[in-house]
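Q: Remember, the working numbering sits 6 above the position in the sequence shown when you count from 1.
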Amino acid sequence: MHRLKSNLVWVALMFWVGIAQVYWQLGPHIASYSNASLHTSAYEVLKGLTLLGSDILILLLGYFLSQRSHRESTIIKAWLNALVLGVLASVLVALSTNQLAKVTVFHIDFFNATFPLLRNTYPLIFGSLLGLILTAVINDQKFIWRRPALISIWLLIIVPLFWTPNIWGWTSNHLTLFYALLFVLGANVKQGSYHRKWLLITGLGLLITVVLQGIMPFMSIDGRTTSRFTTPTNIFTVLAAYGIVKITVNHLEQPNWRSLYSYLTLIENTALLASVQLIVKLHNAYGSLKEGIITIIFLLFSLACSYVWCRLSTGNFAKRHLQRIDRFTGQSADEQLQLIKQRLNSWMPNIILGIISYLIAALSMLLMNDGFSVSPNVDATYNIFAYTFGQRELLLLFTAFLIFAVIKFIQALTNRYWIGLISVIAISAVFVVANHEKNVARNEPILPADLAMVRVAKNLFGMVDGIVWIVALVTLMILIAVTVWLEKTHPLRNAVGG
């Protein structure tokens with residue numbers, strides 16, 4: 007029964023956090039009021055109470071996760087889970103509709119899922135993981151500055167009360183560092199019997215927060231500071247959350263970590279949020295009640311998906327890889343470094359293939375232009391490099407993947423590494439040059455219809471200068487010689503399997 011109650015509390019908290027993460031991003035009409043009125047005050051108080059859930063969750067994660075012994079393994083597993091599930095969700099969203107451009111720029115959402123740590127779009131997940139690293143350092147017995155470090159964290163949270171709320175840049179999704187510091191505070195929560203004291207602190211924190219959020223619309227001169235205290239970084243919100251955790255932590259058990267982090271991945275995934283925003287836009291469901299219903303349905307869907315994903319991750323295939331991670335993290339640093347070097351050496355042939363495939367894809371796109379600027383629209387002009395590696399990065403990666411797959415297919419057929427690589431490079435070079443020349447001449451690339459010209463290939467070849475034929479034949483002979491030499495001196499028969 008105690009376990010059931012604990013699980014119900016965790017599920018309720020997950021819904022609480024989900025509402026804060028999803029509902030307000032949909033822009034309900036309730037959020038369109040910014041003038042001084044009781045309606046605006048009620049909106050600020052309601053939003054502030056929902057944001058309280060995120061602080062409570064991070065503090066609880068700090069308390070329970072810091073007790074785990076295999077911290078390195080936890081960090082790696084959580085990151086891989088966010089990567090795989092995030093990319094899978096983004097791909098499924100992309101395949102489900104072609105109207106995402108109405109609400110988002112999809113390639114940005116895809117990269118947010120592919121590089122979640124670098125792009126800072128999963129603040130709850132990576133705030134907790136960064137906090138776990140900081141906790142390992144601060145709570146180490148050899149670290150003599152533990153108490154000053156904890157006091158400094160509290161001071162950092164207090165400072166915005168007297169200056170601008172975003173003095174540290176803790177706004178919107180840029181909350182990873184704040185949640186990491188909050189995680190450290192949660193890791194240092196001590197069980198105690200001072201319930202009355204913390205009930206008083208929690209009550210005062212909530213009361214002050216509600217009062218400040220309620221009066222700010224009337225105190226703001228131009229409306230820009232109406233939401234000054236409606237943030238998860240507000241010191242009074244943090245105090246209230248800390249008090250709630252202090253009181254309830256004795257009555258909770260460890261949650262299902264896989265299910266919890268899978269759920270957080272889904273509700274923070276920008277591609278999934280864009281799909282929900284698209285539903286709202288297409289059905290004109292901007293009413294507060296309609297968006298609330300859509301939010302609840304999405305959260306129930308995310309909860310169910312996280313449960314299914316958790317069950318799938320306990321299969322034999324996932325278990326083998328998770329056990330390998332546990333064995334890796336259980337070794338010493340020197341052994342881990344040696345194992346990483348061995349893995350890199352075994353993967354190096356495929357890494358080289360990936361780099362070459364990307365270069366071929368980039369060159370083919372760059373050489374499609376006859377200048378250093380491109381105008382895909384009448385109202386926009388881009389530098390060719392910025393356009394290729396910025397606006398068309400997702401297409402570039404897809405092209406590189408296709409080239410990589412063709413090389414691996416040839417290698418699988420011939421069981422020869424260099425034959426597959428050099429043959430694709432040679433064919434790609436021919437097509438890149440031919441595309442460039444035709445684009446310069448007729449402002450179009452080689453099209454499938456051009457293959458019909460094979461019937462008059464003799465006439466076409468007669469138009470080519472003899473010097474070009476000589477250079478082409480010499481180049482072909484050199485490539486054949488290089489391929490034979492590499493196959494004899496540097497054979498890589500096992501490269502197909504990586």
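Ideal Cβ positions, reconstructed from N, Cα and C, are used throughout, including at glycine.
Can you list, in chain order, the stretches of the alpha helix (DSSP H) that have 4 or more residues and sit fully within the stretch 299-371?
A: Here the runs fully enclosed are 322-335.
Q: Going by beta carbon distance, what residues of the same chain come within less than 6 Å of T301, once the five residues before and after it are set aside?
A: Excluding residues within five positions, the ones whose Cβ falls inside 6 Å are V28, Y29.
Q: Would you say N240 touches the ligand ADP, meaning its beta carbon is less than 7 Å from a heavy atom?
A: Among the ligands in the structure shown, none appear at all, so the ligand ADP cannot be discussed.
Q: Let me make sure I understand the geometry here. Which of G133, V51, Y128 has the alpha-carbon closest to that of G68?
A: Taking only the C-alpha atoms, the option nearest G68 is G133.
Q: N389: which of N375, K11, L401, K444 sits nearest, CA to CA?
A: For the residues N375, K11, L401, K444, the minimum Cα distance to N389 belongs to N375.
Q: Excluding the five sequence neighbours on either side, which residues of its own chain have a C-beta within less than 6 Å of the C-beta of F224, listed in chain order?
A: A42.
Q: Below 8 Å, how does it come out for the stretch 240-247 and the stretch 278-287: are there three or more Cβ pairs, yes or no?
A: The answer is no - the stretch 278-287 does not touch the stretch 240-247, with fewer than three Cβ pairs under 8 Å.
Q: Could you spell out where the alpha helix (DSSP H) holding R152 opens and where it closes?
A: 152-164 is the span of the alpha helix (DSSP H), which, as asked, contains R152.
Q: Could you tell me which residues DSSP puts in a beta bridge with S379?
A: Paired residues: N389.
Q: Take the Cβ of F168 as the centre, count every other Cβ of all protein chains shown within 10 Å, and call the residue buried at 16 or more, exposed below.
A: F168 comes out exposed.
Q: By the three-class DSSP mapping on this structure, what secondary structure does N500 have?
A: Any reading at N500 is ruled out, since the residue's pLDDT is 49, under 50, leaving its predicted position unreliable.
Q: With the cut-off set at 8 Å, would you say T236 and G54 are in Cβ contact?
A: Yes.
Q: May I ask you to report which of helix, strand or coil DSSP gives F132?
A: Helix, per DSSP.
Q: Could you round the C-beta distance between Y34 and E274 to whole angstroms and report it? I think they count as a contact, below 8 Å.
A: Looking at the sequence shown, residue 34 is not Tyr but Pro. No, P34 and E274 are not in contact; Cβ-Cβ is about 19 Å, not under 8 Å.
Q: Distance check for L482 and I476, CA to CA, integer angstroms please.
A: The straight-line gap from Cα to Cα measures roughly 10 Å.
Q: Following the continuous alpha helix (DSSP H) through S281, name the residue where it begins and the one where it ends.
A: Taken as a continuous stretch (DSSP letters only), the alpha helix (DSSP H) holding S281 covers 276-288.
Q: How would you write the range of the alpha helix (DSSP H) that I81 sits in, first residue to last?
A: Taken as a continuous stretch (DSSP letters only), the alpha helix (DSSP H) holding I81 covers 77-102.
Q: Taking one C-beta from the stretch 153-168 and one from the stretch 182-192 each time, how about it: are there three or more such pairs within less than 8 Å?
A: Flag = yes, the stretch 153-168 and the stretch 182-192 touch.
Q: Let me confirm a value: V488 is counted as buried when at least 16 other C-beta atoms fall within 10 Å, else exposed. Which label applies?
A: Label assigned to V488: exposed.
Q: Within a Cβ cutoff of 7 Å, which residues of the same chain sit near L278, ignoring the five residues on either side of it in sequence?
A: Here the set comprises A95, V99, L272.
Q: Hey, would you say T335 sits closer than 8 Å to I82, going by beta carbons?
A: For T335 and I82, yes; Cβs fall inside 8 Å.
Q: Quick one: residues in its chain with C-beta nearer than 6 Å to the C-beta of I163, no 5 flanking neighbours on either side, listed in chain order?
A: Result list for I163: I241, V244, in chain order.
Q: Between which two residues does the alpha helix (DSSP H) containing M225 stretch?
A: First-last of the alpha helix (DSSP H) with M225: 201-225.
Q: When you compare each of I114, Q105, P166, E78 to V143 by their alpha carbons, which one comes out closest?
A: With distances taken between Cα atoms, V143 lies closest to E78.
Q: Near I425, what residues of its chain come up, given a Cβ to Cβ distance below 8 Å and the 5 sequence neighbours on each side ignored?
A: Excluding residues within five positions, the ones whose Cβ falls inside 8 Å are I416, Q417, T489, E493.
Q: Please return the same chain residues whose Cβ sits closer than 7 Å to the Cβ of I250, not counting the five positions on each side in sequence.
A: Excluding positions up to five away in sequence, the list reads I62, T208.
Q: Are the beta-carbon atoms belonging to V438 and L373 less than 8 Å from one another?
A: Result yes, Cβ atoms of V438 and L373 sit closer than 8 Å.
Q: Beta carbon of L498, beta carbon of Y393: below 8 Å?
A: No.
Q: Apart from the five residues on each side of it in sequence, which residues of its chain come closer than 7 Å, Cβ to Cβ, to K252?
A: Excluding sequence neighbours, K252 sits near V195, W204.
Q: Exposed or buried, what is I64 when buried is set at 16 or more other beta-carbons lying within 10 Å of its beta-carbon?
A: Burial call: buried.
Q: For the putative contact between K444 and I452, defined by C-beta atoms under 8 Å, what is the C-beta separation to the nearest angstrom?
A: Right, the Cβ-Cβ distance comes to about 6 Å (below 8 Å), so this counts as a contact.
Q: Buried or exposed: which applies to N500, given that a residue is buried once 16 or more other Cβ atoms fall within 10 Å of its Cβ?
A: Unreliable positioning characterises N500 in this predicted model, as indicated by a pLDDT of 49, which lies under 50. A coordinate reading is not provided.
Q: Who are the Cβ neighbours of M371 in its own chain at under 6 Å, not counting the five residues just before and after it?
A: So the list reads T394, once near-sequence residues are dropped.
Q: In three-state terms, what does DSSP make of F189?
A: Here F189 sits in helix by DSSP.
Q: Alpha carbons only, please: which of N87, I358, P238, L66 is nearest the one belonging to I431?
A: Looking at the Cα atoms, I358 is the closest of the given residues.
Q: How should A247 be labelled, buried or exposed, when 16 other C-beta atoms within 10 angstroms of its C-beta is the threshold for buried?
A: Buried: at least 16 other Cβ atoms inside 10 Å.
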